[in-house]
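As structure tokens, the structure follows; a few thoughts come after it.
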Amino acid sequence: MTELLIRNACVIDPLNDICGEVMDIAVRDGKIVESVGSGAEVIDAGGSLTMPGGIDSHTHICGTKVNFGRYMSPEDMRAGRTARRGHMHSTSGYSVPTTYGTSYRYSAMGYTTALEGAMAPLEARHTHEEFTHTPLQDMMANTLFDGNWPIMQAIHDGDIRRAAAIVGWTLSAVKGFAIKLTNPGGTEAWGWGKDVASIRDPVPHFEVTPAEIIRAMIEANEMLNLPHSVHLHCNCLGKPGNHQCTLETFDLVPNANNKRQSLYATHVQFHSYGGSSWRDICSRSEEICRAINSKPQIVIDMGQVMFGKTTTMTADGPMEFNLYRLYHNKWSNHDVELETGSGIIPVYYSRKNLVNSIMWSIGLELALLTDNPWQCILSTDNPNGAPFVKYPEIMALLMSKRYRNEIFGTVHPDTEHNVPLAAIDRELTWNDIAIMTRGAPAKALGIEDLGKGHLGEGADADIAIYPININETDPATSAEEVIRAFGQTDYTIKRGRVVCRQGTCMVDGKNTTIWVDPHISENYSMDHDPEFAKNFDRYYTVRMSNYPVQEEYIRRNLCIETEAQL
Amino acid sequence: MKFILNTGRTVTQGRHVEHKYHQGYFEETSSCFIHPLDLMDLDLEDGEHVEVVSEWGSVVLRAVSCEDLRKGMIFVPLGPFANHIIPPRTHSTGMPDFKNITVELARTERERLTQWELMEKIGGKRYENQ
Amino acid sequence: MKVTLEVKPRQKPYLPIEAEGIVPRTFFEGTDSLTVFRGNKELPLEEIFNVAIEGEAESVDEVEIIILGDSSRIKRVGEYMDGGRIHITGDIGMHCGNFMSAGEIVIDGNADAWLGREMRGGRIRCHGSAGDYCAAGYRGEKRGMRGGTVEVFGDAGDFTAETLAGGSVIIHGNAGDLSGVDMKEGELTIMGDTSRACANMSGGMAYVHGTVNDMIPTFRKIGQEKVNGEPYTRFSGDIANRGKGTLFIRNYKYLD
Amino acid sequence: MKINDVVCPFCGCLCDDLEITVEHNRIVAVDNGCTLANAKFMSKEQLASPIRRTGEGWENISYDEAIQYTVDMLLDADRPLLYGWSGTHGEAQCIGVHVSELVGGIIDSTTSVCHGPSILAIQEVGHPGCTLGRVKNRADVVIYWGCNPLEAHPRHMSRYTTYADGYFLQNAFRERKVIVVDVRETETARVADEFIRIKEGGDYAVLSALRAIVRGKGDVVPESVAGVSRSQLERIVTLCKDAKFGAIFFGLGLTMTRGKYKNVRNAIELVDELSRHTKFTITPMRGHWNVYGSNEVFTWMTGYPYAIDFCRGIAFYNPGETSAIDLLARKECDACLIIGSDPGAHFPRGCVEHLAEIPTVVIDPVPTMTTALADVQIPVAVSGIDADGTAYRMDGVPIRVRKVIEPTLPNDREVLKSIHAKMKEAKGQ
């Protein structure tokens, strides 16, 4: 039995409605408890801001695509190199750091849980291998179903239950966490070098539309009783005028679950553009947020862009090719048979560039114009909008109008004619930030009941203590302070152990992989479906028996078993 | 006579890759595939021995007639024989010139060394407790 | 200030010594504990060199470092150099003058690969020959050398001035294969022969006063022009790469 | 006992449909495999115990002694090289990285004599690729450039291309055009619809010419380029542009010949150019079954795919300097641990001469040419036969190789774990 007592913690814990109360937190064997004995190890927080461990509900840090981003970028590796010391392995990389680099940097910022945004089922083993080497965060994997042949076939046949059964089988086979749709239908069209132009544009050969895929997957998601909702990267990413596509997509979403949203729309910044070309692109964040404010069934994350160098990587293959033709830098693409695609290119977001400045502005607008912070999660779609190490700056931008104005003064001068940012006075509170980085992601992912994202009794003792006193610091006037404090915790505690102290990781660490296993009736089990098996072995290049991810890859794991209505 | 040497995998070499002390490995990797017209020019019969000389050294191989090749080109399967004469230079790319190397060929009466003898020539010691 | 570094004999003479600390600024600012690396062992400078320092310096430009003895395996000398002078009396190891921005390096002997890699300014003169990737870039970077001058009086190896993006490179002897490959800007001059010059270039200017063997077939012939009174062929390319570079060549041969 | 869907640990195809018959813990039959798979599964010539070279010959030693020797050798060295890795599974490669990092050595895989140049090219321009099933189901034009799959990857054409029917090609052999580009008229060239024979060292020029023609600038191209007529090049470009889905596979014919990675870069840029007209992808034909695994593992752990120098604590990468061939040829390392490869057979003599001079330990199930140059050899179980673990196919698909018989020897990860543990102990950690 190990016990820990954190004294004088100034706690913000939105899921438990605690906002700035100075209190003690007791921990036994990795869980929050009512009290501990006198022999407990004591940490005196001295009134510092204390929150549940941060949760990134959409980040790209593990798996085939991310690793290819590293592999093709020795120039990125030249930054962020550290030598092995103590419990820390050597690290390299800035926008796509090594797994240890990612893990240590997140930990230093107080993040203890992360969801990998896109895992191709066929290559799931790779994602899980990298999870093993990302030791200080509990991990989940969004599983890609945007161009899945048997699912598109089932949708085409009008058999949503079969589609759900295939999703369920796959999630359980690859140890995935949730349904991810990236440019649904578009990644299959990309198999012929094409894309879909709207949510009503049918996928070549399969003759289903993105809208049909999205609706069917939302329905399937609820049939399977999954903890998280469908996690959607809308069609038409990055195209001027795409806000129309985004709004049409939002209109498809029923209010299908009373516990959480029915749709999680990711990196909405990239989907909120007006105009018809790069010449007249503008922000349509107001319309997007109006839709969100009227649809509690939707939760989004920002996909904030920050200026500087980064690497874009997504399953959206055709989008990356368009980006390549724009930037003319290097371009990688990786299509995955029967399932999905992906693309990678390095980018530089410049404040001198009007389009980049507009993108920067839109991300902030989304967070400021969404009334309910539980509906808008803080993210950069790491590393697409910026590496996650920029989060503290984003927090400061959201909390301080003054700091926002200061930066706004450095961007392309025409930006103000194309975005509403300058007119927005809202400044987010400490509580809002805690919601956007802890409570909301936990709730949206459906993991608050597992003890994530809050500090209530029985919760996992994942705790971040930041070196800042919120009663003495006015974030509106102290952006520098906010950035410094959120950049490095005094203590990051994972499952009751101090894993990181002022930027130095203290343990080797062992994380947990959270996955779902929907229980499906025999009738709908793909393991006993001759048609499914026959087509599998005919069209995949891996035998069906070699496809599922073996136990060896999830040594320490938490399985969420659900009862499917199938 | 000047030739261009290429090396590469063959299925026979691959089959013996886990059995390097076998005769099959020796025979395959000490073969020098050469166009029949070149054989005639060198006054060689199929199966006779040639000495192949590069800037880096020389090795005795068994000539094998092969019409896949263009005249003026020889092919030696990947292995210790080819590597005996391949220059270790990589042009600072990490990869040596395993292909497209200029060599001289001449008929020889000398016997081939075995792969173990090649290793021993450079200070190695064969393992024989089979 | 004159700093004389004489290389001592070493037990394992082939193991490289990494000595990026050997730049004029280090000595100008003063150091008691300069170290170099032999593989994974960090050693005091004095273990590898006999060190003698004479005189004072008012600025970094008044510092001259002289390297004596067998320095052919000493790497990274002059890395990030920003002033002063380094005189190498023998051969020098890889990466001499990496990222250099000002000052001068003179090498009496030969230089190993990556001489003046990603150089920004200053001047390197190599009186012997240079290895591969002379005045070139780094793996994965789009742009290599961006400024300054590298002049080699002997020959240069393969990939000379690869991804050149500024400054000038002059090779008095021959250059190896693929000189000026992927170059973007800047000027490359080869007094002797080379092969496959300026493949895939997108911009910049190159002169080859000898012969280009295996000329890249995707350069457009603009016509004959006189350079210093001699007839040269002017090419533009590389067309395969939408390139707009200019190439003046005395003689060339295609691999047809 | 018959075991189905066994994964073959020979080449980068990682065929996973073999049927192995095991009797009394011995493999007695292999079905569905190619001749290379048969040879590997039926091999029965593992060493029984670690061996050490003595003045006259070899003596058997214990695992403890052999491991201690390895630890001491690595710790004594100033610049140790840890080379090989492609013949073992990912979990062992991970420990290998930890060992290299701890000892301050250089870790490199057989990539440097295989598709290392392809990686250098990808680092310059990226890589438009796909998994092999994408090709099988869709590709109507397949180009093999500088490779000879019938000899080096015997089932590649039947599983993934020429003879493999796919969803959109019900009769692949008829509906698919196969083009082979090589300097030799290989077996593979003979089954192609079109064979382009180029002069040695002419790949780069031919690729440039193709790019110019795709761009509609064929007028600059001379009548003949490296032995190939402009009209043939134009015909190929038309075939490619008319393809619905084209796939290029390339081999060591591009990576080993002069120009090395710049050839590959040019091929990738050709694919980029073709992608503006239709769908095109390119894939390296990787040799060792898990050579790509070594790149994947090294990349997520160190940031670089091969040739990583940890001597200074941080990772430094520069193939040509930190790659095994260069280190050995220049005598820049002073001890060597070799695992899952045979440089004695596959490296130029100028490199292996140095191996014979410095302390060298080999971890390998069977005696190889490198054995002759080593001081100690530690035999291990064979990954994919009596040890399991992760491997990455040539297209990046991770597959778990199986254990089909019970091992009598420790496996790579167990031996490396002991080395790592002993080393940490010696370093007081």
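Protein chains in written order, with the numbering used here: chain A, 1 to 566; chain B, 1001 to 1130; chain C, 2001 to 2256; chain D, 3001 to 3429.
The beta-carbon is built from N, C-alpha and C at its ideal position, and this holds for glycine as well.
Just so we're clear, the structure is a prediction, and the values are computed from it rather than from any experiment.
Of all the CB atoms in chain D, is at least one closer than 8 angstroms to the CB of residue i?
i, result
"C:Ile2222", "no"
"B:Gly1047", "no"
"B:Pro1036", "no"
"B:Thr1090", "yes"
"A:His156", "no"
"A:Tyr104", "no"
"C:Phe2037", "yes"
Which residues share a DSSP beta bridge with residue i?
i, result
"A:Phe486", "The partner list for A:Phe486 (beta bridge, DSSP) is empty, contrary to what the question assumes."
"D:Asp3031", "D:Glu3019"
"A:Ile447", "Looking at the DSSP assignment, A:Ile447 forms no beta bridge with any residue, so it has no partner."
"A:Asp13", "A:Ile18"
Examine chain B for any beta-carbon lying closer than 8 angstroms to the beta-carbon of residue i, and answer yes or no.
i, result
"D:Arg3053", "yes"
"C:Ala2113", "yes"
"C:Asp2132", "yes"
Do we get a CB-CB distance below 8 angstroms when we pair residue i with the residues of chain C?
i, result
"A:Ser73", "yes"
"A:Asn333", "no"
"A:Asn255", "no"
"D:Ala3324", "no"
"A:Asn67", "no"
"D:Asp3331", "Here the sequence assigns Lys to residue 3331 of chain D, which means Asp is not the residue at that position. Closer than 8 angstroms to some Cβ of chain C, the Cβ of D:Lys3331 qualifies, so yes."
"B:Gln1130", "Any reading at B:Gln1130 needs caution, since the residue's pLDDT is 48, under 50, leaving its predicted position unreliable; the model's value is listed next. Judged by the 8 angstroms Cβ criterion, B:Gln1130 is not in contact with chain C."
Just to confirm my understanding: we take residue i, look at its own chain, exclude 5 residues before and 5 after, and list those with CB closer than 7 angstroms. What are they?
i, result
"C:Asp2257", "Outside the shown range of chain C, which is 2001 to 2256, sits residue 2257 of chain C, and nothing can be said about it."
"A:Arg200", "Thr209, Ala211"
"D:Val3220", "Ala3212"
"A:Ile155", "Ala163, Val208, Glu212, Ile213, Ala216"
Within the same chain, show all residues whose beta-carbon is closer than 6 angstroms to that of residue i, passing over the 5 residues directly before and after it, in chain order.
i, result
"C:Phe2027", "Val2003, Val2063"
"A:Asp316", "Thr182, Asn183, Leu237"
"C:Glu2042", "Thr2035"
"C:Ile2124", "Gly2097, Ile2105, Gly2116, Val2150"
"C:Ala2102", "Asp2082, Gly2083, Gly2121, Gly2122"
"C:Asp2108", "Thr2089, His2127"
"D:Leu3328", "Cys3351, His3354"
"D:Asn3411", "Val3380, Ala3381, Ala3387"
Give the DSSP-derived three-state secondary structure of residue i in the structure shown.
i, result
"D:Gln3377", "strand"
"A:His528", "helix"
"A:Val347", "strand"
"B:Phe1033", "strand"
"C:Leu2247", "strand"
"A:Ala256", "coil"
"D:Pro3343", "helix"
"D:Arg3349", "helix"
Is there at least one Cβ from chain A nearer than 8 angstroms to residue i's Cβ?
i, result
"D:Lys3422", "no"
"D:Asn3295", "yes"
Who are the Cβ neighbours of residue i in its own chain at under 8 angstroms, not counting the five residues just before and after it?
i, result
"D:Pro3128", "Ile3268, Val3271, Asp3272, Ser3275, Phe3280, Thr3281, Ile3282"
"A:Ser379", "Asp56, Ser57, His58, Thr59, Thr266, His267, Asp301, Met302, Gly303, Gln304, Gly385"
"D:Ser3062", "Ser3049, Pro3050"
Checklist line | the stretch 2145-2160 of chain C: positions lying closer than 8 angstroms to chain B by Cβ | finding: Gly2157, Asp2158, Phe2159
Next item on the list: Below 8 angstroms between beta carbons is the criterion; list the residues of the stretch 3108-3127 of chain D that meet it against any residue of chain A, in chain order.
Entry: Ile3119, Ile3122, Gln3123, Glu3124, Val3125, Gly3126, His3127
Margin query: Please list, in chain order, the residues of the stretch 3178-3211 of chain D that have any C-beta partner in chain C closer than 9 angstroms.
Written below: Lys3199, Gly3201, Gly3202, Tyr3204, Ala3205, Val3206, Leu3207, Ser3208, Ala3209, Leu3210, Arg3211
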